[in-house]
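Q:
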Amino acid sequence: MTSGQPRRRRGVVLTAAGRQKLQDAIQTRQEEDNFGEKLTIEALSDRTKLDAGTVAKVLDGEEGVDRRTLERFFNAFSLELTQDDYGKPIPTSEKRPARETRIDWGEAVDVSIFYGRTAELETLAQWVVFDRCRLIALLGMGGIGKTSLAARLGEQIQGEFDYVVWRSLREAPPLKEILTNLIQFLSNQQETESDLPASLGGRITKLVEYLRSHRCLLILDNAESILQEGQAGVYREGYEGYGELLKRVGEASHQSCLIVTSREKPRELSAMEGEALMVRSLPLRGVENTDGQEILRAKGLHLSETNDERDELIHRCAGNPLALKLVATTIQELFDGDIAEFLNQETIAFEGVRDLLDQHFDRLSELEQSVMYWLAINREPVSVQELQEDIVPPVTKPRLLEALKGLVGRSLIEKTKTNFTQQTVVMEYVIERLIEQSYAEIDNLKISLFNKCALIKASSKDYIRDTQLRLILKPIIDSLLNLKSKKAFDERMKKILESLKDESLLQSGYAGGNILNILCNSDLNLQGYNFSHTTIRQAYLQGSLLHNFDFSHSVVIKSIFTNTQHSIRFLVFNPGGDILVAGNDMGEISLWQVADGQPILTFEGHASRVRFIAFSSDGQTITSVGKDLKICLWDLKKGRLINASCQKYFNDSATLCLHDQTLAGASLDNTVRVWNVRTEKCLCILEGHTKVVKSVAISPSGKLLASGSADATVRLWNIQSGQEIHTFEGHTKDVCSVAFSPDDDLIASVSTDNTLRLWNVKTGQLLSTLQNNGSDSSKIVFSPNKQVLASSGSEDGIIKIWDLRTLRCLRVLSGHKTFITSISFSPDSQTLASSSMGDDSVKLWDITRGECLSTWHGYDNQASSIAFHPQNMMLASRHGSIVALWEVPSEKPFRILQEDYGWGKVSFSQDGSILASSSNQVVTLWNANTGQRLRTLHENSAQIRCLSFSPDSKILALESDDYSVSLWHIETGKNLKTLAGHTSNILSVTFSFDGQTLASSSNDGSIKIWNLHTDKCIAFFLEYKRVHSLIFNHDGNALLVPSGKIIKLLDINTGESLKEFHGHQDWVLGIALSPNNRFMASASDDYTVKLWDVDTGQCLETFKGHTYWVSNVVFSPDSLLIASGGKDGTIKLWDIETRQCLKTLIAPRPYEGMNITGVTGLSEAQKASLIALGAVESE
1 MTSGQPRRRR GVVLTAAGRQ KLQDAIQTRQ EEDNFGEKLT IEALSDRTKL DAGTVAKVLD
61 GEEGVDRRTL ERFFNAFSLE LTQDDYGKPI PTSEKRPARE TRIDWGEAVD VSIFYGRTAE
121 LETLAQWVVF DRCRLIALLG MGGIGKTSLA ARLGEQIQGE FDYVVWRSLR EAPPLKEILT
181 NLIQFLSNQQ ETESDLPASL GGRITKLVEY LRSHRCLLIL DNAESILQEG QAGVYREGYE
241 GYGELLKRVG EASHQSCLIV TSREKPRELS AMEGEALMVR SLPLRGVENT DGQEILRAKG
301 LHLSETNDER DELIHRCAGN PLALKLVATT IQELFDGDIA EFLNQETIAF EGVRDLLDQH
361 FDRLSELEQS VMYWLAINRE PVSVQELQED IVPPVTKPRL LEALKGLVGR SLIEKTKTNF
421 TQQTVVMEYV IERLIEQSYA EIDNLKISLF NKCALIKASS KDYIRDTQLR LILKPIIDSL
481 LNLKSKKAFD ERMKKILESL KDESLLQSGY AGGNILNILC NSDLNLQGYN FSHTTIRQAY
541 LQGSLLHNFD FSHSVVIKSI FTNTQHSIRF LVFNPGGDIL VAGNDMGEIS LWQVADGQPI
601 LTFEGHASRV RFIAFSSDGQ TITSVGKDLK ICLWDLKKGR LINASCQKYF NDSATLCLHD
661 QTLAGASLDN TVRVWNVRTE KCLCILEGHT KVVKSVAISP SGKLLASGSA DATVRLWNIQ
721 SGQEIHTFEG HTKDVCSVAF SPDDDLIASV STDNTLRLWN VKTGQLLSTL QNNGSDSSKI
781 VFSPNKQVLA SSGSEDGIIK IWDLRTLRCL RVLSGHKTFI TSISFSPDSQ TLASSSMGDD
841 SVKLWDITRG ECLSTWHGYD NQASSIAFHP QNMMLASRHG SIVALWEVPS EKPFRILQED
901 YGWGKVSFSQ DGSILASSSN QVVTLWNANT GQRLRTLHEN SAQIRCLSFS PDSKILALES
961 DDYSVSLWHI ETGKNLKTLA GHTSNILSVT FSFDGQTLAS SSNDGSIKIW NLHTDKCIAF
1021 FLEYKRVHSL IFNHDGNALL VPSGKIIKLL DINTGESLKE FHGHQDWVLG IALSPNNRFM
1081 ASASDDYTVK LWDVDTGQCL ETFKGHTYWV SNVVFSPDSL LIASGGKDGT IKLWDIETRQ
1141 CLKTLIAPRP YEGMNITGVT GLSEAQKASL IALGAVESE
């Protein structure tokens, strides 16, 4: 029985003043005795002679200890315990109930060592907690301590909020990226990119809604990075939206607070701020003398109690903490610690930290300067080993450690555990020097620093390399192009390149890689550059077209090329986590090193799609299962096929799963069959589903099997007995993917009903239902440690990471352009691999940070779209990241237009003046005659699968991201109207010949006919799946529609099939009508093209020659030729009169004609990959 009285708490605890006194003393010891590294609980236990648990109690301050314990702790740091330093603990009943706070500190600095600022902290706490200010700006010069103060404040008041989130603006992220990130965090990752409004204003509104519904503390650090230099408070071009964000947050009514740190005040604040208003700013001055003294003591200066020189020094440095640290280093090194002697020199008139940095940098040794440059380039804390690998010429580890120790002592760099980095203001300063000196060296043709440092590191994590590109490489390119003509720029690059071959000292550095990176990121003509006999270090060449480049006898070091992988369907890590294996549509199995993405080897043994790959427990062999029903066993060490068997286990199973010797797959009769692959015996047939089975999974123990079906159920089976254990009901639509947890306890399922469900294997109960966008391509997988679950959903390329303890979405991984084909966790659960067919990429993700570590771009040469010019024999074709323009019948394209990675469409306007091309989410308009890029017409958050010009060439119809058709005015680039009504992705759009009507097909199985005068749907037809091509007849009263293996001519008024064209053996993927209206051509999944008589419906010819499915077919404007293209990467030209193939066109690969004779630094697998992409090697 309880009394209801507050529970008495014995002992004493430190007061705020006592805790600060002790922390300051601990901090001093850390600086003097521990190289600045934080003292652990164990270290403090050794120093104080108290057990670790008692040390933790004292520091925590929640539970009381006896007074003598506090005295012992204080004495260990030469402190005297006074009555002001301790008091009674607060009774538990008087404590505010703990608020459950979700915190993401992002890149916030460690403030366990913090000096003073007591008054500022009290003022800010008053503003935030009690006055409920909505927007606060911390303002001050670089090095004054804005970031540390904001972090310290956040730590102290975090318990007052539901959400606390810190984001750095140091790398100048676009506002859209920041808003998306904040909204996703505040929504517990429930909001995805595709859910959010397209406009910035809409996203700001969404953010404010969360600020109203929850008490949130948002901190945006380094806001000066988004402001222009030389114009106080004015935003950089493209960053004006941040001003709208501040205005809306400051003016709108909500219960949250946004804190911004900046060296200058954004203009919006001046009109909104005031002492009695909800928007305020706090200019930070220098620290007080007492706090400045502590800084100087921590730097090793011995100060007397009556040292006037000490106060004068603090005054001259304006109390700037960073300036004090830098000056203290100078006094120690040059004046033997004598402050008076230093002041007598009268050399310091403090005008800013950069003045001091100039003085310090010029005094550094060559090696110390090199370390400073490399820490700025690397952006993140790096290890000694990585620095040693970066620096050229090579340096010994003892010398490097000595340089690092000296730089830490000068406060020019900071040590974090075992790594090193720089303060933001120092990093910015060093980058400015790097840019200025690199430009000067290029301009003067005298190379030094340009050869010692990489302007971007190809081997960096993706997000770091993107920052290097934006903050280092691009400014150098812009400076060169602004001050020099392209011709002069080009001449300088070539002269520097030639000099590298003559001077041996320059041959092993970064200049060759830097030149290549500059060229690949500028719009210079790359023809005529000779990189033979050159060191190519840290060159990032993914996506670059290097046709006929000469790399003969060059040395390639840590450079990244485009890979050969494409159309990947399955990914898996080896047991050691250092190798990633992928299987693709073409039957190939590729192995890569996880560390650097370099290819190891490729197995070829399947005739078609690889469906499943599994490693042996020792990681020495892999087993693969293909669509060709072949099971292959591969020896990784010897790199060869051990055994292959081909049995008719299943008839083109929709899904397969392999575990040890057990193979399970779905059959067309709604059953699941389980086989022993060694004995080739069927173990059992699992019957119960009423519709097709879309996913199967075998449990890690090998005893259970789960199946997900279009009947909206998940069923659990005992493999040994073949008996059904549970039927899990709850989904309302197709179940697309199922997975077991590592301990067999849970099953996860994902469905097109946009839910992810977790089921208890033993009880059959539904444990949780989570919101997850679903599609037929959805994937789901548990981490090996059972801490998280990864799921992919719709075609937006989003992956969600779910915390299995809290059942909350931890991270949203966005980066792929289209649907995910496979996801796989590394054995240590720290990394997730994902693949996408739409952009032919494999990405590796850091699960903890939610950042993309690396992207391996492949190349798919398939002709995803072809189009004839309406008035001549020009042919446009889309292959991976290029659009090729051909003058038929020439076998080589006369022009190459470079696009973004991914699958896309091409279409000519009816007057022939414009070529439109789509690349995932973007449509580009080109001058069809000159190849000049006219404008980017549309950006979308979903893949654009279809383009169609109106007959008058004034309007372009295309797919929009909300399952609608959007019509765009070509001349103005404006969206004229949107036709909404479909419930899934648009697959095809086409205008009638008079331009009055439009037809659209969708993944929802419907075809809609639209009146373009009224914008109304005047007819719709159901049950037409996978319709990727539509054509009106010349009269406009009927529509040619592929329907499975046949083609129908539908009356658009009644939906009646007026005529049917039979003959294909598989799905019809594309159709075309000849300009003279006599013929129709069709392309199919059966690898053939057929020619039809439109009037009679008779098949006139079947053209064979493609080696994979054919998706595109088009007539020449004179109706004499058919061009067809598809997965095999070829375009075939068929003569209608002779019925013969006239030509086979093959688009140039990324490295077509690139000479790699005598190249060193590449493995045999890398060379094979380059050769597969067009490179040549002479004997």
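Mapping to UniProt numbering: the sequence shown position 1086 is 1086, numbers consecutive. Each residue gets a CB set at the ideal place from its N, CA and C atoms; glycine is no exception. Every value quoted in this text rests on a predicted model; they were computed, and no experiment measured them.
(1) Would you give the residue range spanned by the alpha helix (DSSP H) that Q190 belongs to?
(2) Just confirm the distance between the C-beta atoms of Y235 and T564, as a whole number of angstroms; I'd bet it's less than 8 angstroms.
(3) Considering just the uninterrupted stretch of the beta strand (DSSP E) at M278, what are its terminal residues?
(4) Suppose contacts are defined by Cβ-Cβ distances below 8 angstroms. Is R611 in contact with D585 by that definition?
(5) Per DSSP, which residues does F489 bridge with? Please list them.
(6) Is it the case that the Cβ atoms of I136 and R280 are separated by a distance below 8 angstroms?
(7) Have a look at D1135 and F1032 and give me their C-alpha separation to the nearest angstrom.
(8) Cα-Cα, which of G513, N521, T562 is closest to Q538?
(9) Do you know how far the Cα of S567 is from the Cα of S1169?
(10) Look up E959 in the DSSP assignment and give the residues it is bridged to.
(11) Applying the criterion that 16 or more other CB atoms from any shown protein chain within 10 Å of the CB defines a buried residue, is K146 buried or exposed?
(12) I need the DSSP call for F114, collapsed to helix, strand or coil.
(13) Report yes if the C-beta of L633 is less than 7 angstroms from at least one heavy atom of the ligand MG; otherwise report no.
(14) What is the DSSP secondary structure of Y1023, counted as helix, strand or coil?
(15) Entirely within the segment 418-467 and at least 3 residues each: give me those beta strand (DSSP E) ranges in chain order.
(16) Hey, how far is the Cα of S624 from the Cα of D1085?
(17) Should I823 and A833 be called a contact, given that it needs their Cβ atoms to be closer than 8 angstroms?
(18) Report yes or no: do the segment 383-395 and the segment 170-189 share at least 3 C-beta pairs separated by less than 8 angstroms?
(19) Provide the residue(s) that pair with K800 in DSSP beta bridges, ordered along the chain.
(20) Could you check whether the Cβ of R297 sits closer than 8 angstroms to any Cβ belonging to chain E?
(21) Can you name the residues that DSSP bridges to P1042?
(22) Who are the Cβ neighbours of G61 in its own chain at under 8 angstroms, not counting the five residues just before and after it?
(23) Could you check where the alpha helix (DSSP H) with D291 kicks off and where it finishes?
(24) Among the residues of its own chain, which have a CB less than 6 angstroms from the CB of L810, if the five just before and after it don't count?
(25) Taking all protein chains shown into account, decide if K1104 is buried (16 or more other Cβ within 10 angstroms of its Cβ) or exposed.
(26) Which of the three DSSP states is assigned to N1003 in this structure?
(27) Under the three-state reduction of DSSP, which class applies to N760: helix, strand or coil?
(28) DSSP three-state call for N482: helix, strand or coil?
(29) Is there contact between the segment 1017-1033 and the segment 1060-1071, where contact requires at least three CB pairs shorter than 8 angstroms?
(30) Considering only the beta carbon of each residue, do V58 and F77 sit closer than 8 angstroms?
(31) Among all the DSSP beta bridges, which residues are the ones paired with Y163?
(32) Hey, I391 and S365 are a contact pair by Cβ (cut 8 angstroms); roughly how many whole angstroms apart?
(33) With C520 as the anchor, note down where its alpha helix (DSSP H) starts and where it stops.
(34) Could you pull the DSSP bridge partners for F570 from this structure?
(35) Considering just the uninterrupted stretch of the alpha helix (DSSP H) at S1169, what are its terminal residues?
(36) Relative to the C-alpha of E341, which residue among E312, D66, F825, E251 is closest?
A: According to the structure data:
(1) Counting from 1 along the sequence shown, the entry for residue 190 is found at position 190. First-last for Q190: undefined, no H or E at that position.
(2) Translated into the one-based positions of the sequence shown, residue 235 becomes position 235. Translated into the one-based positions of the sequence shown, residue 564 becomes position 564. Not a contact, Cβ separation roughly 43 angstroms.
(3) For the purposes of this step, residue 278 is taken as the residue at position 278 of the sequence shown. No beta strand (DSSP E) holds M278; DSSP gives it neither H nor E.
(4) In the sequence shown, counting from the first residue as 1, residue 611 sits at position 611. In the sequence shown, counting from the first residue as 1, residue 585 sits at position 585. Contact: no.
(5) Within the sequence shown, the letter at position 489 stands for residue 489. Answer is none; F489 lacks a bridge partner.
(6) Working through the sequence shown from its first residue, we reach residue 136 at position 136. Working through the sequence shown from its first residue, we reach residue 280 at position 280. Yes, the Cβ-Cβ distance between I136 and R280 is below 8 angstroms.
(7) The residue you call residue 1135 lines up with position 1135 of the sequence shown. The residue you call residue 1032 lines up with position 1032 of the sequence shown. So the two alpha carbons sit approximately 24 angstroms from each other.
(8) In the sequence shown, counting from the first residue as 1, residue 538 sits at position 538. With distances taken between Cα atoms, Q538 lies closest to G513.
(9) In the sequence shown, counting from the first residue as 1, residue 1169 sits at position 1169. In the sequence shown, counting from the first residue as 1, residue 567 sits at position 567. So the two alpha carbons sit approximately 16 angstroms from each other.
(10) By 1-based counting over the sequence shown, the position of residue 959 is 959. Bridge partners of E959: V965.
(11) By 1-based counting over the sequence shown, the position of residue 146 is 146. Burial call: buried.
(12) On the sequence shown, residue 114 is found 114 positions in, with the first residue counted as 1. Here F114 sits in coil by DSSP.
(13) Ligands displayed in this structure: none; no statement on the ligand MG is therefore possible.
(14) Translated into the one-based positions of the sequence shown, residue 1023 becomes position 1023. Correcting the residue type first, residue 1023 is Glu in the shown sequence and not Tyr. In the structure shown, E1023 sits in coil (DSSP, three-state: anything other than H, G, I, E or B).
(15) 419-421
(16) Your numbering for residue 624 matches position 624 in the sequence shown. Your numbering for residue 1085 matches position 1085 in the sequence shown. If you take the alpha carbons of S624 and D1085, they lie about 24 angstroms apart.
(17) Sequence index remark: in the sequence shown, residue 823 carries index 823 (1-based). Sequence index remark: in the sequence shown, residue 833 carries index 833 (1-based). Yes, the Cβ-Cβ distance between I823 and A833 is below 8 angstroms.
(18) no
(19) Position 800 of the sequence shown, counted from the start, is the residue given in the question as residue 800. Answer is S791, V812, bridged to K800.
(20) In the structure shown, chain E cannot be found, because there is only a single protein chain.
(21) Residue mapping note: residue 1042 aligns to position 1042 of the sequence shown, counting from 1. For P1042, which the question treats as bridged, DSSP gives the partners I1047.
(22) Within the sequence shown, the letter at position 61 stands for residue 61. Here the set comprises V13, L14, R19.
(23) What you label residue 291 is simply residue 291 of the sequence shown in a count that begins at 1. 289-298 is the span of the alpha helix (DSSP H), which, as asked, contains D291.
(24) Sequence index remark: in the sequence shown, residue 810 carries index 810 (1-based). Result list for L810: I801, D803, in chain order.
(25) Along the sequence shown, read from residue 1 onward, the residue named residue 1104 stands at position 1104. The residue is exposed, with fewer than 16 neighbouring Cβ atoms inside 10 Å.
(26) Counting from one through the sequence shown, the residue named residue 1003 turns up at place 1003. Coil, per DSSP.
(27) Position 760 of the sequence shown, counting from 1, holds the residue named residue 760. N760 falls in the strand class under three-state DSSP.
(28) Here residue 482 refers to the residue found at position 482 when the sequence shown is read from its first residue. The answer is helix: DSSP assigns N482 an H, G or I state.
(29) yes
(30) In the sequence shown, residue 58 corresponds to position 58, counting from 1. In the sequence shown, residue 77 corresponds to position 77, counting from 1. For V58 and F77, no; Cβs fall outside 8 angstroms.
(31) One-based indexing of the sequence shown puts residue 163 at position 163. BP columns for Y163 point to R102, C216.
(32) The residue you call residue 391 lines up with position 391 of the sequence shown. The residue you call residue 365 lines up with position 365 of the sequence shown. In fact, because the Cβ distance is near 13 angstroms, the residues do not count as touching under 8 angstroms.
(33) For the purposes of this step, residue 520 is taken as residue 520 along the sequence shown, with counting starting at 1. Looking at the DSSP string, the run of the alpha helix (DSSP H) that includes C520 is 511-520.
(34) Position 570 of the sequence shown, counting from 1, holds the residue named residue 570. G583.
(35) Reading the sequence shown from its first residue, position 1169 is the one you call residue 1169. Where S1169 is concerned, the enclosing alpha helix (DSSP H) stretches over 1164-1172.
(36) Here residue 341 is taken as the residue at index 341 of the sequence shown, counted from 1. If we check each option's Cα against that of E341, E312 comes out closest.
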